[in-house]
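Per numbering that gives the first Met the number 0, the sequence shown starts with residue 0, numbered consecutively.
The next block holds one structure in the form of structure tokens; read it before the comments.
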Amino acid sequence: MAATIASAAQSIVSSLAAAIRRALPRSFAAAAAILLLAFASPIFLGGKQSSAADASPQQRAWVVGELRGAGFSRPRGADDAQWQPLQAGAQIAPGNVVRTDASGSMELKNGIDTIRLSPSSEIELPPRQAPETVSMQKGPPNCKQWTDDCVNCTRSADGEAPVCSNTGIACQPKAIRCLSPDVPVK
0 MAATIASAAQ SIVSSLAAAI RRALPRSFAA AAAILLLAFA SPIFLGGKQS
50 SAADASPQQR AWVVGELRGA GFSRPRGADD AQWQPLQAGA QIAPGNVVRT
100 DASGSMELKN GIDTIRLSPS SEIELPPRQA PETVSMQKGP PNCKQWTDDC
150 VNCTRSADGE APVCSNTGIA CQPKAIRCLS PDVPVK
């Protein structure tokens with residue numbers, strides 16, 4: 000009886016080993032295909048990756064969407080001799096000055112905001128601003144209590160370091176937001 004059991008076990012092990020040997024090259028091929036797709040996807044997607052700065056309207060160039068008549072642009076602080084004529088589709092850097100003449104009207108877009116200029120108008124576009132760095136440990140300015148939906152922090156009135164809760168398991172933090180503004184005591 001023991002010989003029959005040993006023979007059956009040997010038969011099962013040998014057939015299992017053969018199945019593993021046949022499947023192994025396929026799994027390597029599948030793994031190689033997955034890796035190839037992972038490395039090649041940025042090439043097919045144009046190599047673009049979004050970042051926080053992409054979402055900030057202060058960091059984006061303005062584009063002339065619609066232009067009727069004449070429109071001009073110059074860098075901020077430049078003299079009047081440096082006005083450059085604009086045409087539809089032109090990009091204008093944040094911080095530049097834009098104007099229209101008596102016959103002109105213009106629409107500027109930066110992907111988030113739209114500015115419409117009527118005839119004989121002049122504006123200075125908002126300049127680039129460094130992104131504000133707010134950490135959970137520091138907290139937003141003038142805020143007594145804040146959260147990122149994973150951690151909650153509170154700043155005491157006496158100026159001590161903030162006290163924060165622990166992060167939950169597998170929590171996905173969101174943008175830091177103020178729950179309670181710091182109101183000065185009179």
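No residue lacks a Cβ here, since even glycine has one placed at the ideal position from N, Cα and C.
Bear in mind that the values here come from a model prediction, so they are computed numbers and not experimental data.
Please work out which residues of its chain come closer than 6 Å, Cβ to Cβ, to residue i, disregarding the five sequence neighbours upstream and downstream, and give them in chain order.
i	result
proline 74	Asn95
cysteine 170	Cys149
Contact defined as beta carbons within less than 8 Å: I believe residue i pairs with residue j. What is the distance between those atoms, to the nearest angstrom?
i	j	result
threonine 99	alanine 69	7 Å
proline 93	arginine 115	Wrong, their Cβ atoms sit about 17 Å apart, outside the cutoff.
serine 104	serine 117	6 Å
glutamate 186	glycine 64	Because residue 186 is not part of the residues shown, which for the chain are 0 to 185, the question remains open.
Nearest by alpha-carbon distance to residue i: which of the options is it?
i	options	result
alanine 60	Ala80, Ile111, Ala101 and Cys152	Ile111
serine 102	Arg67, Ser164 and Pro140	Arg67
glutamate 121	Asp79, Gly158, Ile175 and Arg176	Asp79
Are the beta-carbon atoms of residue i and residue j separated by less than 8 Å?
i	j	result
aspartate 181	cysteine 142	yes
aspartate 234	lysine 108	Lying outside 0 to 185, the shown extent of the chain, residue 234 is not represented and no answer is given.
glutamine 90	valine 62	yes
cysteine 152	proline 140	no
serine 179	glutamine 144	yes
According to the neighbour-count rule (16 or more other Cβ atoms, all chains shown, within 10 Å of its Cβ), is residue i buried or exposed?
i	result
isoleucine 168	exposed
serine 72	buried
leucine 124	buried
arginine 154	buried
tryptophan 138	It should be pointed out that residue 138 corresponds to glycine in this sequence rather than to tryptophan. Buried, by the Cβ-count rule.
Is the CB of residue i under 8 Å away from at least one CB in chain D?
i	result
glutamine 81	Absent here is chain D; the protein component of the structure consists of one chain.
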